[in-house]
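For the sequence shown, full-length UniProt numbering assigns the number 1 to the initial residue and increments by one for each residue that follows. Note that CB positions come from ideal geometry on N, CA and C, so glycine has one too.
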Amino acid sequence: MVQIYASTRAYLRRLQMLRITYKQKSQGISYLSKDPTTYYTTLTHTFSIDFNMSATTNGHAQPSNDVYWTTNDPRNTGVIGYEGAKPVFFRFVTTTTLNSTRTVVWQGTNNPNVEHEVAWLDWDSMNHLGTATIGRFQTPMTNLLQRGATQRCRIFAIPGDGRRFEWRRCESDPSRYDLYDGVGKLCASHTVYLQPQRSTVAELNAVMNYWFKEDEMVSEHGKRTTKRGRLLKSSPFFPSFQLLLTSIISLTINRWIDQNGA
Numbered sequence: 001m002v003q004i005y006a007s008t009r010a011y012l013r014r015l016q017m018l019r020i021t022y023k024q025k026s027q028g029i030s031y032l033s034k035d036p037t038t039y040y041t042t043l044t045h046t047f048s049i050d051f052n053m054s055a056t057t058n059g060h061a062q063p064s065n066d067v068y069w070t071t072n073d074p075r076n077t078g079v080i081g082y083e084g085a086k087p088v089f090f091r092f093v094t095t096t097t098l099n100s101t102r103t104v105v106w107q108g109t110n111n112p113n114v115e116h117e118v119a120w121l122d123w124d125s126m127n128h129l130g131t132a133t134i135g136r137f138q139t140p141m142t143n144l145l146q147r148g149a150t151q152r153c154r155i156f157a158i159p160g161d162g163r164r165f166e167w168r169r170c171e172s173d174p175s176r177y178d179l180y181d182g183v184g185k186l187c188a189s190h191t192v193y194l195q196p197q198r199s200t201v202a203e204l205n206a207v208m209n210y211w212f213k214e215d216e217m218v219s220e221h222g223k224r225t226t227k228r229g230r231l232l233k234s235s236p237f238f239p240s241f242q243l244l245l246t247s248i249i250s251l252t253i254n255r256w257i258d259q260n261g262a
């Protein structure tokens, strides 16, 4: 059974028991972390694996950045990996009450005790498409999966930016989704594993290889944060809206629909 960690702190506690080797893809060298609590030299709140496992160029000059899903439930999962030497961590948590269902997206920070709430999805009638809030932007979920050229193609736009991208579900392999930009350039590829893959920290159920860098577009106001499970007031820093975040959220909705026919 795949374990869902309640917070990034749980990842840290587990990784403190491990000596983690990180292969630096860009320079082709390896080093052993001396301090597993140092965010930029280890994945303190995520995990570490051999990046040769799935890194690919797929026609690009540089190898891909890779992030992994820790469960097969897109609404309740960790999304963890590296962008270059920088750890990437998102956590999707869905709660259902008598009248509502909400998926909250948390982003890890360089403090393993603190996460930022960067987005949430409010589902209608528990499982049907509702409203997405990404930073300070709110939009119907349907705007994150507009009909593309075929039934297997769904378009989304970056909130506040307007750039359009398209997830295309592979005709020959329904477990794969490819992300294209507005001019038809392949930006990312997502594959759901037929069988979970083992790593030192968690089972891996899917991977996204991507070849873009995070956006520099910045919003005006901060995110809500948690510190050891408690909500705090809005933080004073300025979050960046990433293509990575929006594409993962759109992918989450796509996969949920494809799995459940919502």
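Taking the alpha-carbon positions, what's the residue i to residue j distance?
i, j, result
"residue 286", "residue 197", "Missing from the structure shown is residue 286; the chain here goes from 1 to 262 and no further."
"residue 118", "residue 70", "19 Å"
"residue 154", "residue 146", "5 Å"
"residue 187", "residue 178", "8 Å"
"residue 108", "residue 245", "12 Å"
"residue 103", "residue 112", "21 Å"
"residue 218", "residue 98", "With a pLDDT of only 38 at residue 218, under 50, the local geometry of the prediction cannot be trusted, and the value read off the model is given with reservation. One C-alpha to the other measures close to 36 Å."
"residue 134", "residue 105", "9 Å"
"residue 115", "residue 258", "29 Å"
"residue 137", "residue 192", "29 Å"
"residue 88", "residue 68", "10 Å"
"residue 123", "residue 82", "30 Å"
"residue 32", "residue 202", "Bear in mind that a pLDDT of 27 at residue 32, under 50, signals an unreliable position, so the model cannot answer this."
"residue 171", "residue 125", "31 Å"
"residue 185", "residue 212", "11 Å"
"residue 169", "residue 74", "16 Å"
"residue 30", "residue 64", "Note on residue 30: pLDDT 28, under 50, position unreliable in the model; the coordinate value appears next. Distance between the alpha carbons of residue 30 and residue 64: 18 Å."
"residue 101", "residue 158", "24 Å"
"residue 254", "residue 156", "11 Å"
"residue 210", "residue 190", "8 Å"
"residue 90", "residue 163", "22 Å"
"residue 86", "residue 143", "30 Å"
"residue 76", "residue 62", "31 Å"
"residue 173", "residue 139", "30 Å"
"residue 175", "residue 72", "12 Å"
"residue 132", "residue 149", "23 Å"
"residue 247", "residue 130", "17 Å"
"residue 223", "residue 181", "Interpretation of residue 223 is limited by its pLDDT of 44, a score under 50 that renders its predicted location unreliable; the figure taken from the coordinates is listed afterwards. C-alpha separation (whole angstroms): 28 Å."
Going by other Cβ atoms of all chains shown within 10 Å of its Cβ, with 16 needed for buried, is residue i buried or exposed?
i, result
"residue 204", "buried"
"residue 151", "exposed"
"residue 166", "buried"
"residue 161", "exposed"
"residue 66", "buried"
"residue 96", "exposed"
"residue 183", "exposed"
"residue 84", "exposed"
"residue 141", "buried"
"residue 260", "exposed"
"residue 265", "Here the chain has residues from 1 to 262 only, and residue 265 is not among them."
"residue 242", "buried"
"residue 121", "buried"
"residue 274", "It is not possible to answer for residue 274, since the shown part of the chain is limited to 1 through 262."
Can you name the residues that DSSP bridges to residue i?
i, result
"residue 142", "Residue 142 pairs with nothing; no bridge assigned."
"residue 88", "81"
"residue 121", "103 and 132"
"residue 69", "79 and 206"
Requested in this report: Only counting runs of 3 or more residues, tell me where the beta strand (DSSP E) segments fall wholly within the region 144-220, in order along the chain.
Outcome: As far as the region 144-220 is concerned, its whole beta strand (DSSP E) runs of at least 3 residues are 153-157, 164-169, 176-180, 186-197 and 204-210.
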